[in-house]
Structures are given as C-alpha cells and as structure tokens.
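The block underneath contains the structure these notes are about, expressed in structure tokens.
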Ligand SMILES: Nc1ncnc2c1ncn2[C@@H]1O[C@H](COP(=O)(O)OP(=O)(O)OP(=O)(O)O)[C@@H](O)[C@H]1O
Ligand SMILES: [Mg+2]
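Chains as they are written, first to last, in this note's numbering: chain E, 4 to 374; chain R, 126 to 380.
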C-alpha cells in the first residue's frame with residue numbers, strides 16, 4: 004500500500020519535472036526521437052531490402068548458364084525438366100546457335116530461341132520491337148549484325164546450302180555478343196539448319212546461397228550438362244547486398260552513439276543544474292533509491308516517448324524512401340519495434356550512467372550551505 | 126528550568142553515559158574533521174551538548190567556529206568523524222545514508238538561511254515534499270500541507286512559486302515544510318540571515334509561537350538580539366562549546 008502510494012507520487016513528480024523543464028526535456032526527446040526514427044527507417048528497409056535488391060537484380064538477366072557438350076545437344080523436353088527442378092519464380096530459356104551466311108556473304112551467328120521466355124529472362128535487353136507471339140518467320144537483328152546484311156528488312160540467310168527468308172521486326176542492342184547475332188524462333192532455326200538447342204540460360208531469383216543451391220540441384224539432375232553461375236552477377240549481387248547491410252548497421256550504430264552522447268549531455272546537464280534540488284530532496288529524506296528511481300523514470304519516459312514518435316516517423320520515412328528508390332511501398336514492420344525500443348533504452352541507460360553517479364555522490368550538507 | 130547559570134558543558138565534561146529521559150539531543154565528544162588534500166580541518170573538536178525536549182536553544186559563535194558543522198551533525202546531514210550522537214534516545218552516529226535520510230525525514234525540520242525551496246514548485250508542493258518521501262497518501266499530504274501553510278499565515282499563497290513570494294514569505298514556506306512531518310526538532314541555520322530586520326522580527330515571532338506550542342528549536346545566529354529570542358544560548362569557539370547559559374530575557378524571568 005505505502006509502496007504504491009510512493010510510486011504514484013514519483014509519477015507525479017516525474018510529470019512535474021518533465022513539464023517544468025520543458026526545454027531540456029524537449030531536446031532530449033528530440034534526440035531520442037531521431038534515434039528511434041532512424042533505427043525504425045533503416046530496420047524497416049532492411050527487413051525488405053533483400054527481396055527488393057534481388058528483385059532489382061532479376062533485371063540483369065540470367066545468372067546460371069547450362070551448356071550441352073558439343074557432340075550431344077539437348078534432347079527434347081530437357082527445358083521442361085529444368086523448369087520443374089527450379090523454384091517457380093525462376094525463368095529459363097533455351098538457345099540453339101548456327102553460323103550462317105548473309106546475302107552479303109558475311110558469316111553471322113543465327114540464334115534460335117523462345118522470344119517470350121527471352122523477353123522475361125533478359126528484361127535488360129534493348130529491343131525496339133519484339134515479334135508477335137507465334138510469328139514463325141520474325142527475327143530481331145543485333146545492332147552490329149544489321150551491318151552484315153544487305154536488306155535489313157527482308158533477311159536472307161544461308162546454312163549448308165539451304166536458305167531461309169525472315170522478316171526483321173526489331174533491332175537488338177545489349178552492348179555484348181548479342182549485338183552481332185540474329186535471333187529467330189527456335190523452330191525456324193531447327194527446321195532450317197537441323198541444329199538442336201545447346202544452351203539453357205536460367206535466372207534464379209535470390210542471393211548467392213539460393214543460386215548455389217539451385218546449381219547443385221541442377222548438377223545432380225543433369226550430370227551430362229556443364230552448369231555454371233554467371234560469376235560476376237551472383238558475386239556482385241551478394242557483395243552489394245552485404246555492403247548495403249554493413250552500411251545500414253554502421254549507420255544505426257553511428258547514430259545511436261551520436262544520440263547517446265547528446266542525451267548524455269542533456270541528462271548530465273539536467274542533474275548538474277538541479278544538484279541543489281536533489282541535495283535538498285536528500286536532506287528532506289529522499290533515499291538514494293527514490294531519487295535515482297525518479298531520475299531514471301525521467302530518462303525512461305523520454306526514451307519511450309522517443310520510440311513512439313520515432314517509430315511513426317521512421318516508418319513513414321521508410322515508406323517514402325522505398326517508394327522513391329524501388330517503386331514499391333514498404334509497410335511499417337511491427338517486428339522492428341522491440342529492437343528500436345531496446346536500442347533507445349540502452350541509449351538512455353548509457354546516458355544515465357554519469358548523471359546517476361553524480362546523483363549518488365551528492366552531499367546535501369555541502370550543497371545546502373548557501374552562497 | 127533545570128539549568129543553572131552559567132551551565133558548563135564544555136570539553137571538560139563527558140556525556141558518555143548517554144541520554145537521560147526527556148533529552149532530545151545528546152552529543153558526546155563529537156569531532157568533525159574535514160580532509161582537503163593533505164590538509165585536515167578540525168571543524169569540531171569534542172562537542173558535548175544536551176538539549177531537552179521543548180527547549181529553545183540559540184547557537185552563537187564567530188564565523189568559522191563550527192556552528193554549521195554542528196548543525197549538520199545534529200541534523201543527520203553528515204556523520205561525525207568521532208564521538209557519539211543520540212537523537213531521541215537512539216544512537217545515530219553509525220547509521221548509513223538511507224537510514225539517516227529516513228531519520229531526517231521523520232525527526233528533523235530544517236530551516237536554511239537561503240530558504241532552499243524548489244524554484245519551479247508551488248508553496249504547496251514545496252511543503253508536501255517531505256511527505257512524498259514517507260509515502261503519505263496524496264489526499265492526506267495535501268490536507269496537511271495546506272493546514273501548515275495556513276498556520277504560518279500563507280493560506281492565500283499556496284499556488285505561488287518562490288519567485289512570486291517575498292523573502293519573509295519564502296522563509297515561512299520553508300518553516301511550514303520543516304513542520305509538516307511533525308518533527309522532534311526544528312533546526313534553523315541563520316534563518317534571518319537573508320531577511321531585513323522587520324521581517325526577521327516576524328519570523329522570530331513565528332519561531333516563538335512554535336516554541337510555545339511545544340516544539341524543540343535549535344537556531345544558529347550571528348546576531349545577539351536574535352539569540353535573545355531563545356531561552357538558552359550555547360557559544361561555540363574553535364570547534365568546542367565555550368559557553369552555555371540562559372538568555373538575558375530568560376534570566377530576567379527567573380525569580
Ligand atoms: N565541507 C567542508 N570542507 C572543508 N572544510 C570545511 C567544510 N565545511 C566547513 N569547513 C571548515 O570547518 C570550519 C567550520 O565551518 P562552519 O561552516 O561550521 O563554520 P560556521 O561557524 O558555520 O561559520 P559561519 O558563521 O561563517 O557560517 C571552517 O574552518 C570551515 O572552513
Ligand atoms: Mg555557518
């Protein structure tokens with residue numbers, strides 16, 4: 004009974020002390036809000052970051068390449084088996100290559116593939132117009148390959164004495180080998196040259212670990228194929244993800260330290276300023292525990308208020324940043340709240356260490372002398 | 126009055142036997158040594174003092190003689206370096222900080238020269254403060270603080286903050302705060318030191334009123350005419366009791 008009454012009084016004193024010391028409390032509250040806000044924003048983004056980054060990386064195209072040995076091209080149905088072995092969100096496309104001759108007599112690589120799959124796989128390809136679905140004699144011509152042909156619209160290609168006529172519907176530009184190729188539907192190429200597909204390009208979404216797992220699975224199922232990750236892509240991806248993580252951790256720690264120092268300064272000033280008040284409270288019978296409790300309650304109240312305000316502000320910031328950079332909204336993550344709360348309480352506790360020492364050491368007799 | 130004139134309780138006597146019934150304050154060979162770096166200051170050098178219930182004692186002496194140091198020990202704000210101190214029959218010279226805090230709260234009402242009020246709190250809250258530390262329920266706390274403020278003539282100044290009060294009124298708030306826990310003794314270290322003479326007279330009248338109601342009062346002062354309000358004047362010199370006698374007024378009242 005007496006205990007709870009004492010606690011109530013302490014709460015009353017807390018209210019009074021926070022209200023009476025508006026300016027100081029306010030600056031400490033701002034610092035606490037900043038720390039909670041930044042931590043919330045970063046952690047919220049962090050929670051979504053991997054998915055977002057991996058999604059971004061999908062637009063870089065295939066990250067696994069499966070190649071059949073030269074003397075044994077891919078059998079029919081392998082692509083379907085590969086697709087079944089992969090996660091549902093993976094994309095795969097097969098390619099057949101033949102070296103043909105243009106109407107100008109220049110050799111050129113003719114590639115047969117499924118345009119719909121390639122379009123999904125290599126969304127980064129710059130193509131001014133893709134062939135319509137089921138258009139059997141439509142081709143897209145690489146930027147460099149366009150210079151090898153006489154008539155860029157009506158293509159005439161020859162392979163082992165057999166020729167084929169195709170309509171060029173689009174121009175392809177990638178900055179890579181693709182620029183010197185002519186792409187056509189796989190069926191058309193196979194029928195014309197008799198060459199079967201030899202390469203399957205695969206895009207496995209997810210980080211390095213996911214890709215490695217997929218490769219292991221494929222290697223097991225297709226021992227006859229050579230299966231390789233597109234190293235720079237897979238490694239680059241995980242490197243960027245790791246660096247982004249490190250950057251975020253670093254930012255959170257740095258900001259937490261800055262805020263801790265600023266809160267420390269505020270709380271210390273608030274004790275030093277009130278040394279006489281605290282000494283008086285001791286003289287009038289306040290125990291170490293009561294005064295300490297009152298002071299820590301103040302610090303905790305500020306930390307909690309900071310968390311409440313910071314969570315709202317930080318979640319809003321995360322949403323805005325996400326909209327701006329990834330064009331998708333990041334909703335508030337409640338799971339971030341305990342972490343932010345713990346962070347702010349640690350900051351408050353750290354910041355209260357020095358003032359609490361000052362408080363303990365206050366000698367009422369010396370301070371109340373006057374002057 | 127039990128005391129003869131002059132009373133001798135200087136360093137020559139000893140109080141080692143402890144308190145007799147009716148004695149609120151008994152000190153035996155009380156020493157206080159301040160250590161500052163490699164220097165030692167013996168602020169008190171063996172004080173023996175007995176103060177009975179309902180006495181009104183003034184402590185006088187030159188500056189630096191140890192009056193405030195003695196008040197701090199009597200008020201349990203500090204512990205003696207050596208010697209014993211019985212407050213209300215209990216030896217309090219060996220207690221720890223929190224035990225001393227509890228005793229200060231329960232037994233002692235302080236009045237300081239510089240008032241020492243919480244600047245941001247109202248008169249009422251300032252007076253309630255000691256009651257907060259012993260867990261007095263809110264309603265009773267407020268009622269008692271109001272009652273005491275009224276008894277010192279500040280019924281109309283409850284919601285004023287110290288900077289909205291005159292020096293005399295501030296000291297009345299401090300006196301109300303000293304009284305609110307109904308302590309065994311009221312200790313006042315130069316309570317009129319910051320007040321003009323007219324206000325000083327009013328405050329001394331208030332102390333007299335409190336004494337008449339049966340309170341035990343120990344008051345430090347530089348001014349002989351303030352000391353004359355008391356019944357008994359103890360003189361401190363160089364950290365020891367150099368004189369102990371009834372005040373002139375009190376002497377004249379004696380047959
Ligand atoms: N906290 C302290 N540390 C060191 N020395 C102290 C301390 N407090 C008091 N003293 C010394 O102890 C002696 C007695 O001081 P005290 O304050 O008791 O004197 P006083 O009689 O109250 O003087 P005044 O009339 O000027 O208030 C002085 O020499 C003083 O310098
Ligand atoms: Mg003094």
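In this text, a Cβ means the ideal position worked out from N, Cα and C, and glycines have one as well.
Check whether residue i and residue j have beta carbons under 8 Å apart
i, j, result
"residue 141(E)", "residue 149(E)", "no"
"residue 258(E)", "residue 30(E)", "no"
"residue 362(R)", "residue 204(R)", "no"
"residue 145(E)", "residue 182(E)", "yes"
"residue 376(E)", "residue 101(E)", "Not covered by the structure: residue 376(E). The range shown for chain E is 4 to 374."
"residue 98(E)", "residue 200(E)", "yes"
"residue 120(E)", "residue 192(E)", "no"
"residue 279(R)", "residue 297(R)", "yes"
"residue 85(E)", "residue 218(E)", "no"
"residue 325(R)", "residue 358(R)", "no"
"residue 269(E)", "residue 34(E)", "yes"
"residue 201(R)", "residue 176(R)", "no"
"residue 287(R)", "residue 236(R)", "no"
"residue 320(R)", "residue 284(R)", "no"
"residue 64(E)", "residue 125(E)", "yes"
"residue 238(E)", "residue 211(E)", "yes"
"residue 342(R)", "residue 210(R)", "no"
Where the beta strand (DSSP E) containing residue i begins and where it ends
i, result
"residue 179(R)", "Per DSSP, residue 179(R) belongs to no beta strand (DSSP E) and is neither H nor E."
"residue 369(R)", "365-371"
"residue 69(E)", "67-70"
"residue 287(E)", "Careful: residue 287(E) lies outside any beta strand (DSSP E) and carries neither H nor E."
"residue 214(E)", "It is not in any beta strand (DSSP E) - residue 214(E) instead sits in the alpha helix (DSSP H) that spans 211-224."
"residue 345(R)", "341-345"
"residue 202(E)", "202-206"
"residue 232(E)", "229-232"
Distance between residue j and residue i (C-alpha atoms, nearest Å)
i, j, result
"residue 164(R)", "residue 277(E)", "30 Å"
"residue 377(R)", "residue 356(R)", "11 Å"
"residue 299(R)", "residue 256(E)", "48 Å"
"residue 66(E)", "residue 166(E)", "34 Å"
"residue 95(E)", "residue 69(E)", "10 Å"
"residue 251(R)", "residue 155(R)", "33 Å"
"residue 183(R)", "residue 263(E)", "51 Å"
"residue 188(E)", "residue 78(E)", "17 Å"
"residue 254(R)", "residue 226(R)", "13 Å"
"residue 273(R)", "residue 322(E)", "59 Å"
"residue 132(R)", "residue 269(R)", "Summary for residue 132(R): the model assigns pLDDT 47, below 50, so the residue's position carries little reliability; its value from the coordinates is reported in the next sentence. Roughly 39 Å separates the two Cα atoms."
"residue 169(E)", "residue 87(E)", "33 Å"
"residue 45(E)", "residue 253(E)", "11 Å"
"residue 301(R)", "residue 331(R)", "11 Å"
"residue 369(E)", "residue 295(R)", "21 Å"
"residue 319(E)", "residue 205(E)", "37 Å"
"residue 214(R)", "residue 292(E)", "27 Å"
"residue 314(R)", "residue 166(R)", "21 Å"
Paired residues, beta bridge with residue i - DSSP
i, result
"residue 143(E)", "173(E) and 186(E)"
"residue 158(R)", "167(R)"
"residue 86(R)", "With chain R covering only 126 through 380, there is no way to say anything about residue 86(R)."
"residue 382(E)", "This structure does not reach residue 382(E), given that chain E is present from 4 up to 374, and the question cannot be answered."
"residue 185(R)", "360(R)"
"residue 211(R)", "151(R) and 216(R)"
"residue 115(E)", "99(E) and 187(E)"
"residue 167(E)", "160(E)"
Range covered by the alpha helix (DSSP H) that runs through residue i
i, result
"residue 305(R)", "It is not in any alpha helix (DSSP H) - residue 305(R) carries neither H nor E in the DSSP assignment."
"residue 326(R)", "322-337"
"residue 277(R)", "Looking at the DSSP string, residue 277(R) is not in any alpha helix (DSSP H), and its letter there is neither H nor E."
"residue 160(E)", "Unbroken run through residue 160(E) is the beta strand (DSSP E), 157-162; no alpha helix (DSSP H)."
"residue 255(R)", "248-258"
"residue 360(E)", "339-364"
"residue 121(E)", "118-124"
"residue 350(R)", "349-352"
Subject >> Proximal residues, the stretch 234-246 of chain E versus chain B, C-beta separation under 9 Å >> reply: The structure shown contains no chain B; its protein chains are E and R.
Subject >> Residues, ordered as in the chain, of the stretch 228-240 of chain R that lie near chain E by beta-carbon distance below 7 Å >> reply: 229, 230, 235, 237, 238 and 239
Subject >> Contact residues within the stretch 237-263 of chain R, judged by C-beta distance below 9 Å to chain E >> reply: 237, 238, 239, 241, 242, 243, 244, 245, 246, 250, 253, 254, 255, 256, 257, 258, 259, 260, 261, 262 and 263
Subject >> Selection of the stretch 256-270 of chain E by Cβ proximity to chain R, strictly under 7 Å >> reply: none
Original post:
Listed from N- to C-terminal order along the chain, which residues in the stretch 281-303 of chain E have their beta-carbon within a distance smaller than 8 Å of any beta-carbon of chain R?
Top reply: 283, 284, 285, 286, 287, 288, 289, 290, 291, 292 and 293
Original post:
Which of the residues in the stretch 196-209 of chain R, read from start to end, lie with their CB under 7 Å from any CB of chain E?
Top reply: 197, 202 and 203
Original post:
Which of the residues in the stretch 177-198 of chain R, read from start to end, lie with their CB under 8 Å from any CB of chain E?
Top reply: 193 and 197
Original post:
Which of the residues in the stretch 209-228 of chain R, read from start to end, lie with their CB under 7 Å from any CB of chain E?
Top reply: 222, 223, 226 and 227
Original post:
Just by C-beta distance, which residues in the stretch 320-348 of chain E are closer than 8 Å to chain R?
Top reply: none
Subject >> Contact set between the stretch 349-370 of chain E and chain R, restricted to residues whose Cβ is under 7 Å from the partner >> reply: 367 and 368
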